[in-house]
Structure formats: structure tokens, C-alpha cells
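Read through the structure below, which is laid out as C-alpha cells, and then see the notes.
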DNA sequence: CCCTGTCATACCTGTTAGGTATCACCCAAG
DNA sequence: CTTGGGTGATACCTAACAGGTATGACAGGG
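Next up, the structure:
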């Protein structure tokens with residue numbers, strides 16, 4: 004039984020995403036004919052039909068669907084191996100840091116917690132160098148999987164901890180962030196339903212897995228943009244309690260009574276065996 | 004940045020395991036010079052020194068150690084992708100089963116539970132075909148990782164659930180299995196310390212991660228062998244309660260008061276998205 | 001009916017994976 | 001000190017194959 008090559012996986016995944024050999028070849032920086040041949044050869048070697056072709060297009064068989072999912076995981080693991088190996092190379096260089104960890108954090112979230120964690124860990128005599136890598140919305144999982152990060156702060160129920168080892172750090176409630184002058188801002192508490200359909204004040208929308216959920220609210224790319232839209236009275240947003248750290252004077256935070264609590268975890272790939280990581284996790288759980 | 008090829012990974016891992024280019028080349032079925040060159044090229048492409056060479060041998064740098072671990076995970080993911088794709092190929096063949104799941108079970112363990120699970124699941128109108136794959140000691144994790152299995156019954160604290168999704172099924176105590184005629188077999192309960200150092204009756208040893216822990220007891224390969232050695236009065240073993248199912252007349256089971264409870268879980272790769280798997284898990288948790 | 005867009009085929013070429021022969025080197029035995 | 005066995009590296013060759021260009025086959029829409 005022959006081994007699947009990464010190049011073949013990369014080709015197939017691109018074709019499966021585009022469902023179009025020409026565009027896929029373009030994305031791969033190659034001509035279409037060799038790509039067609041490579042996929043045919045892959046199908047022959049696996050003894051499996053991956054794509055149904057029609058003059059009018061291409062779509063995936065069940066087996067193709069499977070290879071798309073599993074192949075993505077395999078490619079992630081491979082690039083992770085390369086990235087982490089490159090990163091580990093500095094460790095035994097004279098004068099360099101003993102070792103180094105990349106910590107992925109959702110940009111703007113858990114600022115205070117992160118600060119305390121870094122301070123506490125720096126006190127550890129044989130602490131590794133920590134590089135903090137701000138990530139987009141819910142991008143931490145992907146960063147751990149493909150090796151851009153070694154460890155991450157994740158926020159249940161927004162992030163999924165499936166496939167990672169993790170330790171629980173803190174739990175917090177959620178708040179609604181309203182324009183300071185809005186009538187609802189006078190309340191001492193609110194319910195989720197109160198803020199879901201405020202006339203003239205639609206709930207802001209965040210990308211989940213790269214796409215925006217449907218709805219009337221504005222599509223948000225970063226926190227500054229959101230803060231401004233709230234201050235201008237154009238939208239309202241729901242955030243964990245720790246978001247109070249970056250509120251403006253034109254904002255008012257009102258606790259939500261029935262929003263699910265947000266649990267912050269420190270998470271890392273399940274197979275990690277790094278001493279530096281173990282030290283960081285120990286520090287985090289003792290905070 | 005160029006991509007790591009699976010062939011290179013396979014070569015490096017073999018060399019890292021053998022710490023000897025000649026033997027590694029032999030295991031890979033190739034000559035030594037091209038292997039040396041391939042590793043050199045890998046080091047150049049990664050920009051990293053993976054091996055320290057000496058005329059008297061080869062050993063791993065820190066980066067090499069990292070690539071050995073991460074590369075194994077990546078190779079497992081790749082072979083898993085190939086295996087699962089091949090397996091999924093039958094699904095849309097006319098006349099074949101709608102789909103198929105491979106369930107890894109430690110040989111001889113949880114017999115009754117397994118039976119109930121299979122019966123209950125077979126009642127499901129759109130049940131997949133289940134292939135039961137008996138695994139060696141603690142081999143289920145590896146089988147899930149490299150795609151030989153899709154789902155497994157695991158026994159904490161013997162198996163590690165790290166990196167998998169899982170649901171708890173049952174909890175049971177542990178028993179000591181003694182030769183029927185032994186003085187200790189008359190007791191109604193025992194403590195772990197009572198059976199750890201019985202004069203003339205050493206505790207049987209199981210392979211953990213492919214190697215046997217040190218000790219005076221016999222090295223066990225399969226249950227029949229163990230059962231015979233116990234019946235002959237040569238050894239004693241500690242097992243979960245459900246092991247009573249395969250006891251012989253010459254065996255006596257005595258409950259252990261202070262042994263950690265054994266928790267049986269059903270576990271699967273965290274990224275699985277199979278409907279058949281979801282159905283099986285639902286059935287299992289409702290038992 | 002032709003034109004456009006799609007994937008497949010035919011054929012060529014440069015790269016490279018892998019084989020054989022040999023070197024350079026260390027160490028141990030004499 | 002010398003020599004031989006065992007190690008990984010180098011030199012060189014060949015065959016396989018990845019990738020490019022040109023073109024074919026075929027379905028739908030104007």
C-alpha cells in the first residue's frame with residue numbers, strides 16, 4: 004500500500020474547495036492538465052472515485068468528502084510539524100532563549116487575565132520566552148492545529164475544545180454594550196431577548212468559521228470598528244464581562260441575566276510534550 | 004515556504020528511530036546514500052539541524068526530537084486520511100452497506116457492554132455496519148489516530164482520552180484474579196498492597212507503550228496465556244470487574260477495596276463528522 | 001449551428017529520486 | 001604505528017515523473 008503524498012493532498016483539497024480544475028490550478032500556480040492528471044492518479048492509487056465529473060462541473064463523492072475533511076487535518080498536522088520544528092531549532096542555539104512558546108489570544112479578549120498570566124510566568128526562573136499572537140475571531144483552534152501557535156486562551160462556548168487538552172481558568176458573565184444615551188442603558192440588568200430585537204439598534208454580527216450569520220446588524224471586522232459603531236448609536240453587542248476593559252465613555256455596559264457564562268480555558272494540542280508548556284499551564288491554573 | 008513531503012517525514016522518522024542510516028535505509032527498502040541525501044535536503048529546506056552526526060553514531064537535536072513527535076502525528080493523520088477515504092468509498096456502491104464503522108475494543112474487555120451496544124445499535128433503522136476490531140493492550144488510541152478504527156471503547160485510567168472526543172459509559176471496580184486454591188482467595192475483599200507482593204505469586208506484567216514494566220512477574224501477551232498462568236498458580240492479576248465473564252473454574256475473583264475505579268468511555272477522533280458515528284454514540288449513552 | 005467553457009489526452013522536457021561505486025574518517029585490534 | 005571494519009558523505013548515472021504547451025472531446029447557450 005502506497006503512501007499518500009502531501010502534494011497530492013494539497014492538490015485534491017484545492018480542487019475539492021473550488022470544484023473547478025481551472026481555478027484550482029490557478030490557485031496552485033500551475034497549469035490545469037497536470038492537475039487533472041494528478042487527481043486521476045490519486046484516484047487510481049487509492050482505488051477510489053473521489054470526484055464526479057460532468058462537462059458542466061465537478062462535485063464530491065462521499066469518499067471525496069471524507070478525504071477533504073481528513074486530508075485537511077493531515078495537512079494541518081504536517082505544516083504544524085514543520086513550523087514547530089523550525090521554532091524548536093533556536094532552542095539549543097547559544098545565547099538564544101532556552102525555548103519559546105507562541106500563545107494565541109483572541110485580539111482584545113481577556114486582557115487582564117493575560118497580563119496576570121504573563122507576569123506570573125515571567126517570575127518562573129526557567130520560563131520560556133512567550134510570543135503573544137493575536138488571533139481573529141475563533142481562529143485559535145486553527146492556529147493550534149497548524150502549528151502557528153503552541154497554546155491558546157479559548158473561550159467556551161465560542162471556541163470548541165474538541166481535540167485539545169485544556170484547563171479551566173475563569174468564568175465570567177456577559178454584558179450588553181449599548182450607546183450611553185440609549186433608554187435601555189438606564190436599566191441595571193437586561194435579558195438576552197431585550198437586546199436581540201431593539202428597534203433601530205440591530206445586534207452586531209461576527210464571522211463564524213469565515214462567514215457572517217444572517218441578520219440586519221452590521222458586519223464587524225475588529226473591535227475598534229465595533230466600538231465606534233456602538234458609540235454612534237448604530238448597533239449593540241454582547242460581550243464577556245472582561246470587555247469592560249476597553250469601553251469608551253460613550254458606551255454603557257449592562258449585565259445580562261440569562262446569557263450563558265463564558266469560561267476561559269488554556270488549551271494546547273493533546274500530544275504536546277513540552278516542558279515549557281507544562282510550566283505555563285501550571286502557572287495559569289495557580290493564578 | 005515549501006511544504007514538507009510525507010516521503011521525507013517517513014525517511015526522517017525511520018532514521019530518528021534507528022539512529023543509524025544503514026539500518027534505516029534497510030528498513031525503508033532503499034540504499035543508504037539517497038537516504039543520507041534526502042535527510043540533508045530536508046535539513047536544508049527546513050533551515051534546521053535535525054541530527055548530530057559523528058563517525059561513531061547519530062543522535063537527535065531538540066529540533067529533531069520535535070520533528071520526530073510532530074511528524075509521527077502528521078504521518079498518522081495522513082495514513083488515517085487514506086484509510087478512511089478507502090473505507091468511505093464503499094458507501095455509495097449500490098448494494099453495499101450505507102456506511103461502515105470500525106470499532107476498536109481491547110480484546111476480551113467489556114464483553115457484556117459491547118454485546119448490549121451492538122444489539123441496541125442494530126435496532127436503529129439506519130444503522131451502519133459495525134466491524135469490531137480487537138486491539139492489543141492500549142492500542143486503541145493509535146488505531147483511532149492512524150485510521151484503522153473510527154471509534155473505540157476505552158478504559159480510563161489505562162487509556163488516555165487526550166485528543167479525542169468521548170462520552171462516559173460505565174464505571175466498575177477492580178478485582179484480583181487468584182488461583183482458586185490460594186490462601187488469599189478465601190478473603191472476601193483485598194487491598195492493592197495485599198496482592199502486589201505475594202510471596203511466590205508475582206503480579207503479571209502487561210506491555211505499556213510496547214514495552215514491559217520491570218518486575219518479577221511473567222510477561223503477558225494475551226488473555227488465554229494469562230488465564231492459564233493464573234490457573235497454574237504462577238501469577239496473579241488485577242482486572243476490572245467485567246473480567247469475571249471469562250474466569251475459569253480454577254480462578255477466584257476477590258474485589259479490591261482501594262483500586263482506582265475503571266471508567267469505560269466511547270471515544271472518537273475529535274474532528275469526526277460522521278452521522279453513523281453520531282448514531283452509535285447516541286445509542287451507547289442511552290444504554 | 002457555432003462559440004464558449006470545461007475536463008481529458010498527447011507529447012515534450014527539466015528535475016529529481018534512487019542506484020552503484022567510492023571516499024573520508026574514526027576507532028579498535030594487533 | 002598500522003590496518004581493517006564500519007560509519008556517513010560525495011560523485012556520477014539513469015529512469016521516473018512532475019509540470020508545461022497544444023489540442024481534443026463534449027455539453028449548453030446564444
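Chains as they are written, first to last, in the working numbering: chain A, 4 to 290; chain B, 4 to 290.
Positions of the beta carbon are idealized from the N, C-alpha and C atoms, including for glycine.
Does any C-beta atom of chain B lie closer than 7 Å to the C-beta of residue i?
| i | result |
| --- | --- |
| residue 280 (chain A) | no |
| residue 65 (chain A) | yes |
| residue 51 (chain A) | yes |
| residue 166 (chain A) | yes |
| residue 70 (chain A) | yes |
| residue 155 (chain A) | no |
| residue 77 (chain A) | yes |
| residue 15 (chain A) | no |
| residue 140 (chain A) | no |
| residue 267 (chain A) | no |
| residue 287 (chain A) | no |
| residue 214 (chain A) | no |
| residue 107 (chain A) | no |
| residue 85 (chain A) | yes |
State yes or no: is the beta carbon of residue i nearer than 7 Å to at least one beta carbon in chain A?
| i | result |
| --- | --- |
| residue 147 (chain B) | no |
| residue 6 (chain B) | yes |
| residue 98 (chain B) | Note that residue 98 (chain B) scores 48 on pLDDT, short of 50, meaning its location in the model is unreliable; the coordinates nonetheless yield the value given after this. So, not an interface residue. |
| residue 91 (chain B) | yes |
| residue 295 (chain B) | This structure does not reach residue 295 (chain B), given that chain B is present from 4 up to 290, and the question cannot be answered. |
| residue 3 (chain B) | In this structure chain B extends from 4 to 290, so residue 3 (chain B) is not present and cannot be described. |
| residue 130 (chain B) | no |
| residue 26 (chain B) | no |
| residue 9 (chain B) | yes |
| residue 19 (chain B) | no |
| residue 270 (chain B) | no |
| residue 88 (chain B) | yes |
| residue 194 (chain B) | no |
| residue 152 (chain B) | no |
| residue 41 (chain B) | no |
| residue 159 (chain B) | no |
| residue 227 (chain B) | no |
Out of the options, which has the shortest C-alpha to C-alpha gap to residue i?
| i | options | result |
| --- | --- | --- |
| residue 49 (chain B) | A:31, A:81 and A:74 | A:81 |
| residue 63 (chain A) | A:77, A:23 and A:87 | A:23 |
| residue 115 (chain A) | A:127, A:149, A:148 and A:172 | A:172 |
| residue 43 (chain A) | A:31, A:30, A:32 and A:18 | A:18 |
| residue 225 (chain A) | A:217, A:218 and A:207 | A:207 |
| residue 143 (chain B) | B:283, B:212 and B:21 | B:212 |
| residue 181 (chain B) | B:75, B:66 and B:240 | B:240 |
| residue 67 (chain B) | B:269, B:259, B:233 and B:46 | B:46 |
| residue 287 (chain A) | A:122, A:34, A:86 and A:85 | A:122 |
| residue 12 (chain B) | A:223, A:203 and A:78 | A:78 |
| residue 230 (chain A) | A:111, A:65, A:40 and A:56 | A:111 |
| residue 148 (chain A) | B:149, B:273 and B:233 | B:273 |
| residue 90 (chain A) | B:204, B:53, B:245 and B:190 | B:53 |
| residue 281 (chain B) | B:184, B:102, B:135 and B:215 | B:102 |
| residue 238 (chain A) | A:219, A:249, A:250 and A:244 | A:219 |
| residue 70 (chain B) | B:56, B:57 and B:14 | B:14 |
| residue 251 (chain B) | B:228, B:261 and B:73 | B:228 |
| residue 284 (chain A) | A:85, A:127, A:58 and A:247 | A:127 |
Taking the beta strand (DSSP E) that residue i belongs to, which residues open and close that run?
| i | result |
| --- | --- |
| residue 267 (chain B) | 265-272 |
| residue 242 (chain A) | 240-243 |
| residue 161 (chain A) | Element bounds for residue 161 (chain A): n/a, residue is neither H nor E. |
| residue 135 (chain B) | 132-138 |
| residue 54 (chain A) | 54-57 |
Taking the alpha helix (DSSP H) that residue i falls in, what are its first and last residues?
| i | result |
| --- | --- |
| residue 146 (chain B) | 143-148 |
| residue 24 (chain B) | 24-31 |
| residue 88 (chain A) | 65-92 |
| residue 107 (chain A) | Careful: residue 107 (chain A) lies outside any alpha helix (DSSP H), inside the beta strand (DSSP E) at 103-109. |
| residue 288 (chain A) | 278-288 |
| residue 169 (chain B) | Not the alpha helix (DSSP H): residue 169 (chain B) falls in the beta strand (DSSP E), residues 167-175. |
| residue 118 (chain B) | 114-125 |
| residue 128 (chain B) | Careful: residue 128 (chain B) lies outside any alpha helix (DSSP H) and carries neither H nor E. |
| residue 19 (chain B) | 9-21 |
| residue 38 (chain B) | 35-49 |
Assuming the contact rule is C-beta atoms closer than 8 Å, residue i and residue j should be a hit. Round their C-beta distance to whole Å, please.
| i | j | result |
| --- | --- | --- |
| residue 188 (chain A) | residue 255 (chain A) | 4 Å |
| residue 168 (chain A) | residue 165 (chain B) | 5 Å |
>> To test your reading of the DSSP string, which unbroken beta strand (DSSP E) runs of 3 or more residues are found completely within the stretch 199-256 of chain B?
In response: Listed in chain order, the complete beta strand (DSSP E) runs (minimum 3 residues) inside the stretch 199-256 of chain B are 240-243.
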